[in-house]
Amino acid sequence: MGISQYIKEIGRGKDCARSLSREQATDLFGQVLDGTVTDLEVGGFCLAMRIKGETPTEMAGFMDATAARIDALPASDRPLVVLPSYNGARKLPVLTPLLALLLAREGLPVLLHGTATEATRVVVPDVLRALDLAPLATVRKIADGEVAYASTELLCPGLKRLLDVRRVVGLRNPAHSLVKLMTPTAGPSLVVSSYTHPEYAISMGATFTLMKSHAMLLRGTEGEVVADPRRMPQMTAFLHGEPTVVQEQQAGPLVAVPELPKEIDAETTAGYIRDVMAGRKPVPHPIARQVAHLVHLTNQIGAIEAQAA
């Protein structure tokens, strides 16, 4: 069906818009990713979905369309830990690379993926560059104990184009949620996802359940998937879509605050990460707990996959 017919369904306003079936959402999003529609139609789709809000069923369809078009990484030997990074740092140092390196030190293959969506923030690729970690030039298998970064355009150029619409219209669209949910690999994986507003925790969790995903969901640090180093967030694990709270949120006032860099630029953040990895500074407790939970979850996924085989 042509995109104009879909826009008629989803563009009737917040109270009158009709939700799409999973098959319809797959068809619609596929047209958007393939670039077979005009810029005006893409803008209409983005604005209509922003007003209506996507349902878990629609998001599942969007993910189906993306999975059919993404250049997926080959399966790793152990379940691949996927860390989407699309926000960066505004007030706190962006410690997603620290989370990735700590997981790799535990012998896990780790994929960071993302693109800059806001020009005013310090982003993960800048910190990785300061750590002498170059981005992937081609899609390939990630080795156990390796950290790799893939840009969104390497994985799916159509998805990168859709993310860039925000620079024009100033509003997020379904792609900004999708990139935090997708699994860009052909093998078993554990997606670490974050939300900034509580309503997204509900919709993202429902999507993980519908997709029968292996995932961890937590309130992010300025939108990043790493635990806030100052206060323990709630962490919910999903195995085959079944949710379990594996870490309760810290309540009450802060007893102690970890020593973090006062500056958040890439070089200072990289220096702090080097100090932590070398043992000169302690791993912030919430991040250490997050690492422990993720290692345990990957072991569970590995056992599940071994039984299925």
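Residues in the sequence shown are numbered consecutively from 1, following this note's numbering.
Where is the CB? At the ideal position from N, CA and C, for every residue including glycine.
Bear in mind that the values here come from a model prediction, so they are computed numbers and not experimental data.
When C-alpha distances from C156 are compared across I142, R167, T183, D132, the shortest belongs to T183. If you draw a 10 Å sphere on the C-beta of V245, you find fewer than 16 other C-beta atoms in it, and that means exposed. Under the 8 Å Cβ criterion, the segment 195-209 does not count as touching the segment 90-105, having fewer than three qualifying pairs.
According to DSSP, residue pairing for E242 in a beta bridge involves L239. Exposure of M1 is indicated by the presence of fewer than 16 other C-beta atoms within 10 angstroms of its C-beta.
The segment 140-222 is shown to contain whole beta strand (DSSP E) runs of 3 or more residues at 147-151, 189-195, 215-219, in chain order. Under the DSSP assignment, V110 falls in the beta strand (DSSP E) whose first and last residues are 110-114. With 16 or more other Cβ atoms inside 10 Å of its own Cβ, E54 counts as buried. According to the DSSP assignment, V32 belongs to the alpha helix (DSSP H) that extends over 22-34. Counting along the chain, L294 sits inside the alpha helix (DSSP H) bounded by residues 285-308.
In this structure, K52 sits near I10, with a CB-CB distance shorter than 8 Å. By the Cβ test, the segment 262-270 is in contact with the segment 123-130, since at least three Cβ pairs between them sit closer than 8 Å. P188 and L73 have their C-alpha atoms roughly 11 Å apart. No Cβ-Cβ contact shorter than 8 Å links T152 with T207. Contact between the segment 30-43 and the segment 158-177 is established, with three or more Cβ pairs separated by less than 8 Å. Between P109 and the set R140, G271, V147, D39, the nearest pair of CA atoms involves V147. Contact between T209 and P258 is ruled out by a C-beta separation of about 34 Å, above the 8 Å threshold.
If you draw a straight line from the Cα of T236 to the Cα of H296, it is about 13 Å long. DSSP places P84 in the strand class (E or B) of the three-state scheme. The straight-line gap separating the alpha-carbon atoms of D71 and P79 is approximately 18 Å. Taken through DSSP and simplified to helix, strand or coil, Q5 comes out as helix. Here L102 has V291 as same chain residues with Cβ atoms under 6 Å from its own Cβ, once five neighbours each way along the sequence are excluded. Ranked by Cα distance from R22, the options D64, R231, A227, V139 are led by D64. Within the model, the alpha-carbon separation for L218 versus Q234 is close to 6 Å. When only Cα atoms are considered, A104 and G145 end up about 4 Å apart. Residue burial is scored here from C-beta neighbours: N299 has fewer than 16 other C-beta atoms within 10 angstroms and is therefore classed as exposed.
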